[in-house]
């Protein structure tokens, strides 16, 4: 059975929602950053990166949210979570998720994780000051150029949707003005009404 | 016909090599950061992110290196560039490429692109000072936990190989001691001997 290692209020929520969307048979293991579970030897044996999420399968471990999401979509094809038979459309899904992973999430991470990229406390504060601008720039691109209706890819719900929804949980904390992004906020509201999303969040907060 | 927009000495080389590996019928368009081609309206119409690479296909544009590489692998299945029929193995390929995109490339980018994440010149210098340590940490993980023999995924060459090769072009400039990573350096040498790699590099430098 699939087992998802996660920390509450992290990007792991995207994979958790996708498992619900896929009606997968899975269990979860909650870790805590507060006690540094992610750096303990037993977890590093699962994911040497010391990050979440990690998806443990019968064949081994999958890490990295874009990889996990595509894995779920391919492993549960009946759920229709990605255009698996169309390389171009699949590439659009992957490009969106890659942008969230490598640009939006990275911009966001400069608010809480600046020590990854500098040691000087004043530099870390300078990074924090730029987060509202850099994250806003990402949402401008998403709102104007990338976001379909009613779902990210248009008429069909895909693995892009739980990932965007997860990122938008941090939008206000990152200093982004939600009134500037009505499409993104509407997507967040629409997602929050889905039973699969409610269930994943309830499980993470229980 | 496929058209690759690239800038020399960027991550676009990975896609260029993969097109050669796939024996694809393609053409290239070279842009220059020096004259800010990537911010000109004609390029922003192709890729609103203002980044390279962008792959223009008959059906539209694909961006983001992990998405482009998987697209090439799926579009030219006879080239055998990814385990397309095995979701778990495909996820391993994707996880590796996602790590290069969102962790290694991001760590590297703090040397030349610090202004993405801070405005203060002293903060940008502080970021540059940490690049040798943060990039070295990535290569430690790659060397010890992620790298197969003779190729990234083991016996079979995949789209992970041109991507890692491309990243390793910057290893010394990033202040990483190559003698600490014999496996990575051996992979780079092995890649540099491939005719497809030589051809892609020659085309980019011509």
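Residue numbers (this note's numbering), protein chains in the order written: chain A, 251 to 456; chain B, 251 to 456.
Glycine included, each C-beta is placed from N, C-alpha and C at the ideal position.
Which class does residue i belong to by DSSP, given the choice of helix, strand or coil?
{"i": "residue 254 of chain A", "result": "strand"}
{"i": "residue 276 of chain A", "result": "strand"}
{"i": "residue 453 of chain B", "result": "helix"}
{"i": "residue 414 of chain B", "result": "helix"}
{"i": "residue 385 of chain A", "result": "helix"}
{"i": "residue 263 of chain B", "result": "helix"}
{"i": "residue 307 of chain B", "result": "strand"}
{"i": "residue 433 of chain A", "result": "helix"}
{"i": "residue 364 of chain B", "result": "helix"}
{"i": "residue 313 of chain B", "result": "strand"}
Identify, in the order they occur along the chain, each residue of the same chain with its Cβ nearer than 7 Å to the Cβ of residue i, setting aside the five sequence neighbours on each side.
{"i": "residue 312 of chain A", "result": "305, 318, 321"}
{"i": "residue 438 of chain A", "result": "415, 418"}
{"i": "residue 283 of chain A", "result": "257"}
{"i": "residue 272 of chain A", "result": "322, 326, 329, 331"}
Excluding the 5 residues preceding and the 5 following residue i in the sequence, name in chain order all residues of the same chain whose CB lies nearer than 6 Å to its CB.
{"i": "residue 259 of chain B", "result": "none"}
{"i": "residue 307 of chain A", "result": "252"}
Could one say the Cβ of residue i lies closer than 8 Å to chain A's Cβ atoms, at least one of them?
{"i": "residue 352 of chain B", "result": "yes"}
{"i": "residue 279 of chain B", "result": "no"}
{"i": "residue 313 of chain B", "result": "yes"}
{"i": "residue 307 of chain B", "result": "yes"}
{"i": "residue 316 of chain B", "result": "yes"}
{"i": "residue 391 of chain B", "result": "yes"}
8 Å is my cut-off, CB to CB: does residue i come that close to chain B?
{"i": "residue 411 of chain A", "result": "no"}
{"i": "residue 384 of chain A", "result": "yes"}
{"i": "residue 256 of chain A", "result": "no"}
Residues in the same chain with beta-carbon distance under 8 Å from residue i, minus the five sequence neighbours each way, listed in chain order, please.
{"i": "residue 327 of chain B", "result": "334"}
{"i": "residue 348 of chain A", "result": "316"}
{"i": "residue 381 of chain B", "result": "357, 358, 360, 361, 424, 425"}
{"i": "residue 447 of chain B", "result": "267, 270, 412, 415, 441"}
Contact check, residue i vs residue j under 8 Å by CB: the rounded distance?
{"i": "residue 409 of chain A", "j": "residue 331 of chain A", "result": "5 Å"}
{"i": "residue 405 of chain B", "j": "residue 434 of chain B", "result": "Going by Cβ atoms, the distance from residue 405 of chain B to residue 434 of chain B rounds to 18 Å, so no, they are not a contact pair."}
{"i": "residue 213 of chain A", "j": "residue 338 of chain B", "result": "This structure gives no information on residue 213 of chain A, because the portion of chain A shown stretches from 251 to 456."}
Note down the Cα distance separating residue i from residue j, rounded to an integer number of angstroms.
{"i": "residue 255 of chain A", "j": "residue 303 of chain A", "result": "6 Å"}
{"i": "residue 427 of chain B", "j": "residue 357 of chain B", "result": "16 Å"}
{"i": "residue 346 of chain A", "j": "residue 279 of chain A", "result": "28 Å"}
{"i": "residue 293 of chain B", "j": "residue 436 of chain B", "result": "37 Å"}
{"i": "residue 420 of chain B", "j": "residue 386 of chain B", "result": "12 Å"}
{"i": "residue 336 of chain B", "j": "residue 295 of chain A", "result": "24 Å"}
{"i": "residue 290 of chain A", "j": "residue 277 of chain B", "result": "49 Å"}
{"i": "residue 286 of chain B", "j": "residue 454 of chain B", "result": "18 Å"}
{"i": "residue 432 of chain B", "j": "residue 445 of chain A", "result": "50 Å"}
{"i": "residue 352 of chain A", "j": "residue 262 of chain B", "result": "15 Å"}
{"i": "residue 401 of chain B", "j": "residue 350 of chain B", "result": "15 Å"}
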